[in-house]
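Going down the list, the sequences are from chains A and B.
For the first sequence, our numbering assigns the number 115 to the last residue and increments by one with no breaks.
For the second sequence, our numbering assigns the number 115 to the last residue and increments by one with no breaks.
Backbone N, C-alpha and C define an ideal beta-carbon position, used for all residues, glycine too.
There are 2 protein chains.
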Amino acid sequence: MSEEIIQTIPEACCTLDISGADQEKLVTMFKALGNPIRFEIMKFLVTHPSCITGDIVDYLPIAQATVSQHLKVLRQAGWIEGTVEGTATSYCLHEKNIAWFRQRVDEIF
Amino acid sequence: MSEEIIQTIPEACCTLDISGADQEKLVTMFKALGNPIRFEIMKFLVTHPSCITGDIVDYLPIAQATVSQHLKVLRQAGWIEGTVEGTATSYCLHEKNIAWFRQRVDEIF
DNA sequence: TCCTTGTATCGTAAAATTACGATGAATTAT
DNA sequence: ATAATTCATCGTAATTTTACGATACAAGGA
């Protein structure tokens with residue numbers, strides 16, 4: 007006779023109000039800043055509000071195409087906003103999303 | 007006669023007190039949570055304090071080896087702590103590092 | 001109109017990440 | 001001592017990310 011083994015995951019001590027699309031967005035934001043170059047870009051934008059792509063390219067030791075790619079990741083993750091100004095693009099922090107990120111982090115941990 | 011062009015990066019509006027090893031640690035923490043499975047593990051640990059590896063393996067739809075690998079990433083990033091208890095390993099949040107993370111985020115953004 | 005400037009996107013090579021089964025190592029049970 | 005349990009690590013295939021040069025595109029100036 008073999009005994010029946012019932013797998014039980016321990017009971018939760020509490021609930022967490024994050025899931026679905028919000029959770030995906032949060033993970034995307036974490037992932038975007040989990041890269042040294044992109045973190046450096048965010049630091050640069052904090053200390054140099056609304057500068058253009060070229061300023062960041064001049065500042066960083068990597069190719070323009072790569073910077074543009076990183077800016078796209080940060081933009082799609084919601085960390086920054088880009089505004090086309092003539093032939094240039096001006097970037098600034100997406101304050102609303104950043105505030106949202108902080109609230110979620112404070113809420114979860 | 008060609009005119010000399012001097013590249014100038016715009017002046018900073020402020021300074022940011024994060025760099026070097028601290029910055030690397032912060033990026034590593036962001037990177038670790040920038041993965042859906044690892045985020046899910048963190049959520050599980052928040053709601054199920056000090057559970058063992060097997061509990062997480064039962065909860066997630068992925069192989070034990072993969073869970074173990076993700077736990078290692080979270081441990082090395084400083085999000086969690088593991089304690090060997092006999093043949094099992096019990097994991098819990100690394101509260102101190104988590105607090106440090108939140109302080110840095112609040113400080114920067 | 002044609003050229004220059006500032007960026008984004010494409011194609012692609014190299015590197016890193018993710019997932020798995022298999023194996024190993026340590027502890028406990030028989 | 002042997003077997004079972006629990007977990008980490010190894011080796012590796014598949015996928016994703018990162019970086020670059022080349023190219024395209026849009027706006028402004030000559």
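Q: Compare the Cα-Cα distances from Ile86(B) to each of Gln29(B), Pro67(B) and Tyr97(B) and report the closest residue.
A: Comparing Cα-Cα distances from Ile86(B) to each of Gln29(B), Pro67(B) and Tyr97(B), the minimum goes to Tyr97(B).
**Q.** Through-space distance from Thr53(A) to Cys20(B), alpha-carbon basis
**A.** C-alpha separation (whole angstroms): 5 Å.
Q | Members of the region 64-95 of chain A that neighbour chain B once the beta carbon cut-off is set at 7 Å | A | Of all residues in the region 64-95 of chain A, only Asp64 and Tyr65 place a beta-carbon less than 7 Å from a beta-carbon of chain B.
(Q) Using DSSP's beta-bridge definition, name the partner residues of Cys57(B). (A) In the DSSP output, where bridge partners are listed per residue, Cys57(B) has Tyr97(B).
Q) Going by the CB atoms, is the gap between Gly88(A) and Leu77(A) shorter than 9 Å? A) Yes; because the gap between Cβ atoms is below 9 Å, this pair is in contact.
Q.
Can you give me the C-alpha to C-alpha distance between Ala105(A) and Asp112(B), rounded to a whole angstrom?
A. The straight-line gap from Cα to Cα measures roughly 10 Å.
(Q) Let me see if you follow: with CB-CB separation under 9 Å, is Met7(B) close to chain A or not? (A) No answer about Met7(B) holds up, because its pLDDT of 38 lies below 50 and its placement is not dependable.
Q: Tell me, please, whether the CB atom of Cys98(B) is closer than 9 Å to any CB atom in chain A?
A: No, Cys98(B) lies away from the interface with chain A (no Cβ there is under 9 Å from its Cβ).
Q. Exposed or buried, Glu9(A), counting other C-beta atoms within 10 Å across all chains shown (16 or more means buried)?
A. Any answer about Glu9(A) is weak, because its pLDDT of 42 lies below 50 and its placement is not dependable; what the coordinates show is given next. Exposed.
Q) Listed in chain order, which residues of the region 34-50 of chain B have Cβ atoms closer than 9 Å to some Cβ of chain A? A) Hits within the stretch, in order: Thr34, Met35, Phe36, Lys37, Ala38, Leu39, Gly40, Asn41, Pro42, Arg44, Phe45, Glu46, Met48, Lys49 and Phe50.
Q.
Using the three-state DSSP reduction, which class does Gly88(B) fall into: helix, strand or coil?
A. It is a strand residue.
Q. Does the region 14-33 of chain B come close enough to the region 42-49 of chain A to have 3 or more Cβ pairs within less than 8 Å?
A. Segments in contact, yes.
Q: Under 7 Å between beta-carbons, which chain A residues line up against Ala27(B)? List them in chain order, please.
A: Under the 7 Å cutoff, chain A gives no residues; its nearest Cβ is about 13 Å from Ala27(B).
Q | Supposed close pair Thr95(B), Val73(B) - CB separation, criterion 8 Å | A | Taking a contact as a CB-CB distance under 8 Å, the pair Thr95(B) and Val73(B) does not count as one, their CB atoms being some 11 Å apart.
Q: Classify Ser129(B) as helix, strand or coil using the three-state DSSP reduction.
A: Residue 129(B) lies beyond the residue range present for chain B, which begins at 7 and ends at 115; the question has no answer from this structure.
Q. Going by other Cβ atoms of all chains shown within 10 Å of its Cβ, with 16 needed for buried, is Gly40(A) buried or exposed?
A. With 16 or more other Cβ atoms within 10 Å, it is buried.
Q | Whole-angstrom distance between Glu91(B) and Phe49(B), CA atom to CA atom | A | According to the sequence displayed, residue 49(B) carries Lys and not Phe. Cα to Cα, Lys49(B) sits roughly 22 Å from Glu91(B).
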